[in-house]
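Line by line, the protein sequences give chains A and B. With positions in the first sequence counted from 1, the corresponding number in the working numbering is that position plus 67. With positions in the second sequence counted from 1, the corresponding number in the working numbering is that position plus 89. Just so it is clear, CB atoms sit at the ideal spot from N, CA and C, and this is done for glycine as well. Since the structure is predicted, the reported quantities are computational estimates derived from the model, not experimental observations. This report concerns only the one structure given below.
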Amino acid sequence: MSTSPQQLAPDDRAIFAKPPGKERFSRYMRARMANRLFRYYFLFSILALCFVLGLVIFFIGKTALLTFSNISFKEFFFSFNWTPEEDHFGAAGIIVNTLTLTALTLLMAVPVAVGLAVLIAEIAPKWLKNVMRPVLDLLVGIPSIVYGYLGLTVLIPFLRRLSGENLGDGLLAAALVLALMVLPTICRISDEAISMVPKKYREAGYALGSTRLQVMMRVVIPAAGRGIVAAIIMGMTRAIGETMAVVMVIGNTAQLAKSLFTPASVLTSNIVMQISNVEFDSTWNYALHMMAFLLLVISFILILFIRYLGRKGSDKA
Amino acid sequence: MTDMTRSRKMQRSLVYNKLATGAFYALGALVVLLILWLLFTILSKGLPGLSLDFLLKLPEDMDAGGGIGPVLFNSFYILFLSLVISIPIGVGAGIYMAEYAPENRFTEVLRICVESLSSVPSIVFGMLGLAIFAEYFQIGLTILGGAVSLAFLNLPMLARVTEESVRAVPNDVKNASYALGMTKFQCIRTVVLPMALQGIITGICLVAGRAFGESAVILLTAGLSTSGEMWDFNLFSPGETLAVHLWYVQSEAIVEDAASIADRSAAVLVIIVLLINLLFRIPLWINNRKLKK
């Protein structure tokens, strides 16, 4: 790098200005000291990161576990009745909604995202790649609250007209918004995975007389399968944890969604709507923390699964 | 190969191949159009009513014509504070993972920690901030609480981008600097960091853009109100940001022109995030050009 000699220069001049022997020694000591000091500083930084993770688990988990001193494990996980005003804390409906919403989102996002990744990595000429990738990054840059706002002002009136029902909010609206949000995540990681497939695989496929479609379907996508699955799971963690976009379009009624247009509520939206209004030392608050803890556990499991996929892949290679 | 020798199966494959290529292009065109339409919708709704007055004025509770001055200021203030807190630690952690971490089980645990932290949903950081600042320290919903919680959210992403760009520095250069008798830290400071700087700054811009638009964390830790003054640097006043204001206007406000304020706020939000993502990289591009010459 061009800057480094200039940065060293003042120190060198300082050596000549003073008695060389002693000064050289102290400069050496200083370098050693800084070396050791910063080693500890970098170690401290990474430990601080782990400490934050510890804080998250401790503060959320501690409050979450208090839930079960007031209501039974069975009620929280298997009852569909969430009416905290009357002391009913059954989160099953909300949990099922969360899972349904995630599944619905992936159902819509994955085919489009993987198709787009194939287009970018395999088919498109170079200039088109250079256009598509930044455009997808634009999508990542838009804040989630803006997605929610667009869903509320553009998508929901549209759905209302389309379905003829008088309410547009519900799982379908939320899933459409989320699908758009996870699209770039899934697409970029799949794109990377597909680009990593060695060229010789493709050449072998072509040498056997395959068309490009056959090579993609039978060689490239299976070879990149692990990476694509990892991409889908990354999209899943985003979909499960997303709050503000969902809260604006899902209708926020704590009930099991019986149709795509029933106003419903998922873990994140339920927490954000209710947490500001509850007393800290109430079962209600504990139950909300339990929901957050559940979110944490789900995302940790998904992350560990991605690691497992990655390790298995590298063993094989 | 002439048409006569092609088997029927081969012909079918060729047709499928053509159809699929067309379909993939159509899909790509559709998505790009959708994205451009989205941006166009946001900007066309918000831009016409935008004025300097709107950006600087105080919001009104009842009457039409209020601005977004304090919330816009809070957005930048909280973003700045959170970056001041998270950059030294996040970059330090990234350097440790790339340069110092030995290949052992301890490093493996650290890596799992970083990945887990980056998967924590933002709402959970909001609850953490609420528990620490509002409940444990009893200072209520403040700018400080919002900034610290936002810093927590930034940390893992900063660590990851730093690690990636530090790892990308070629070994030859490092070895050359060791051959000159540098200590490890001297090597990092004078060789590795300058070379990795571009990647790190790009990463910081991405993180800053995300943090600027983040609303769930701020909603829970900095609240839904402002102190009602412009240029309020007090760390302990409530700190509603622009993203949270958009949520508030859209869901609870009773101002007459709520819809128009929401439109304009959304446009401002998107423009600023895009600017953060693009503008800060321009000096780097220029620098790059110079180096290439």
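* Can you give the beta carbon distance from L369 (chain A) to V213 (chain B), rounded, assuming they're within the 8 Å contact cut? -> Not confirmed; about 14 Å, so no contact.
* What number of angstroms, rounded off, separates the C-alpha of A342 (chain B) from the C-alpha of A98 (chain A)? -> 59 Å
* **For W149 (chain A): DSSP bridge partner residues** => A:F156
* Where do the N-terminal and C-terminal ends of the alpha helix (DSSP H) with W320 (chain B) fall, by residue? -> From DSSP, W320 (chain B) is part of no alpha helix (DSSP H); its letter is neither H nor E.
* Asked: When we look at the beta-carbon of P77 (chain A) and count the other beta-carbons within 10 Å, is it buried (16 or more) or exposed?
  -> Note on P77 (chain A): pLDDT 48, under 50, position unreliable in the model; the coordinate value appears next. By the neighbour-count rule (16 or more Cβ atoms within 10 Å), P77 (chain A) is not buried but exposed.
* Taking the CB atoms as reference points, tell me whether L250 (chain A) and V179 (chain A) lie closer together than 8 Å. => yes
* **Three-way DSSP call (helix, strand, coil) for A351 (chain B) in this model** => helix
* Asked: Do we get a CB-CB distance below 8 Å when we pair I209 (chain A) with the residues of chain B?
  -> yes
* To do: State the start and end residues of the unbroken alpha helix (DSSP H) segment that holds R285 (chain A).
  => Per DSSP, R285 (chain A) belongs to no alpha helix (DSSP H) and is neither H nor E.
* To do: Count the C-beta pairs between the region 351 to 359 of chain B and the region 224 to 231 of chain A that are closer than 8 Å, then say yes if the count reaches three, no if not.
  => no
* Do you know offhand how far L75 (chain A)'s Cα is from I289 (chain B)'s? -> No answer about L75 (chain A) holds up, because its pLDDT of 47 lies below 50 and its placement is not dependable.
* Asked: Which stretch, first to last residue, makes up the alpha helix (DSSP H) that contains N193 (chain B)?
  -> Premise fails: N193 (chain B) is in no alpha helix (DSSP H) and is neither H nor E.
* To do: Could you tell me whether the Cβ of Q281 (chain A) comes closer than 8 Å to any Cβ of chain B?
  => yes
* To do: Might you give, ordered along the chain, the residues of its own chain that have their beta carbon closer than 8 Å to the beta carbon of W336 (chain B), omitting 5 neighbours on each side?
  => S304, L308
* To do: Under 8 Å Cβ to Cβ from S336 (chain A), same chain only, skipping five residues before and after it: list those, please.
  => T310, V313, V314, I317, N319
* Run down chain B in chain order and give the residues with a C-beta less than 9 Å from the C-beta of L173 (chain A). => Neighbours of L173 (chain A) on chain B: none; closest Cβ ~16 Å, over 9 Å.
* Asked: For L331 (chain B) versus L161 (chain B), is the C-beta spacing smaller than 8 Å?
  -> yes
* Mind listing the chain A neighbours of A248 (chain B)? Cutoff is C-beta to C-beta under 9 Å, in chain order. => S112, I113, L116
* Using a cut-off of 7 Å between C-beta atoms, extract the partners of G181 (chain B) located in chain A. => Y108, F109, S112
* Go ahead and pull the three-state DSSP assignment for G445 (chain A). => What is shown of chain A runs 68 to 384, which leaves residue 445 (chain A) out entirely.
* Straight-line gap, R293 (chain A) to I113 (chain A) (C-alpha atoms, nearest Å) -> 29 Å
* So what does DSSP say about A388 (chain A), is it helix, strand or coil? -> In the structure displayed, chain A extends from 68 to 384; residue 388 (chain A) sits before or after that span and is not available.
* Asked: Residues of chain B with a CB under 7 Å from the CB of Y216 (chain A): which are they?
  -> L335, Q339, A351, A355
* **Between the CA atoms of R95 (chain B) and L103 (chain B) - distance to the nearest angstrom** => 10 Å
* Asked: Near L132 (chain B), which residues of its chain fall below 6 Å by C-beta distance, leaving aside the five closest residues on each side in sequence?
  -> A356
* Under 8 Å between the Cβ atoms of G308 (chain A) and S211 (chain B)? -> yes
* For chain B, is any of its Cβ atoms less than 8 Å away from the one on F126 (chain A)? -> yes
* Asked: Of all Cβ atoms in chain A, is any one closer than 8 Å to the Cβ of F129 (chain B)?
  -> no
* **Segments assigned alpha helix (DSSP H), at least 4 residues, entirely inside the region 161 to 233 of chain B** => 194 to 208, 211 to 218
* With a cut-off of 8 Å, does the C-beta of R378 (chain A) fall near any C-beta of chain B? -> no
* Residue environment, K379 (chain A), which counts as buried when at least 16 other CB atoms sit within 10 Å -> exposed
* Asked: Between the region 292 to 299 of chain B and the region 321 to 331 of chain B, do three or more beta carbon pairs fall short of 8 Å?
  -> no
* Please classify G128 (chain A): does DSSP put it in a helix, a strand, or coil? => helix
* Asked: For G245 (chain B) and chain A, any beta-carbon pair shorter than 8 Å?
  -> Note that residue 245 (chain B) is Pro in the sequence shown here, rather than Gly. Chain A, which has a Cβ nearer than 8 Å to the Cβ of P245 (chain B), makes this yes.
* Asked: Since P201 (chain A) is in the alpha helix (DSSP H), which residue starts that stretch and which ends it?
  -> 193 to 208
* Would you report the Cα separation of I138 (chain A) and G235 (chain B), rounded to the nearest angstrom? -> 32 Å
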